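**Student:** Per the working numbering, residue 211 is the first one in the sequence shown, and the count goes up by one each step.
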Amino acid sequence: MVRPEAVTVTADPAGTAAVTSVSFLGAVSRVHIALPDGASVSAQMASSAARAFAPGDPVTVGIEPGGVLVTRP
């Protein structure tokens, strides 16, 4: 599991991921992203930063160290 607050999103005209939607939640927003392999991921960030993204925008996605949680099924 990847914590949404550990996902980084960078606007990138050559990016292979794409923003699918942005959900305003007050002080924070969730940016939903489609990855090139068909998977999806959500990033949580300050709403002021999320304003830079719109559906269809190409982006690059990263994960901050320590932002991954491995669980047993």
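The beta-carbon is built from N, C-alpha and C at its ideal position, and this holds for glycine as well. Keep in mind the model is a prediction, meaning the values are calculated, not measured.
Would you mind stating whether V280 and A260 have Cβ atoms separated by less than 7 angstroms?
**Tutor:** It is not a contact, given that the beta carbons lie outside the stated cut-off.
**Student:** Check this for me: beta carbons of V251 and D222, under 7 angstroms apart or not?
**Tutor:** Not a contact, by the Cβ cut-off of 7 angstroms.
**Student:** How many Å lie between G225 and V278 at the Cα?
**Tutor:** Going from the Cα of G225 to the Cα of V278 covers about 22 angstroms.
**Student:** Does the beta-carbon of F263 have 16 or more other beta-carbons within 10 angstroms, so that it is buried, or is it exposed?
**Tutor:** Buried, by the Cβ-count rule.
**Student:** Would you tell me roughly how many angstroms separate the C-alpha atoms of A228 and P246, rounded to the nearest one?
**Tutor:** Rounded to the nearest angstrom, the two C-alpha atoms are 8 angstroms apart.
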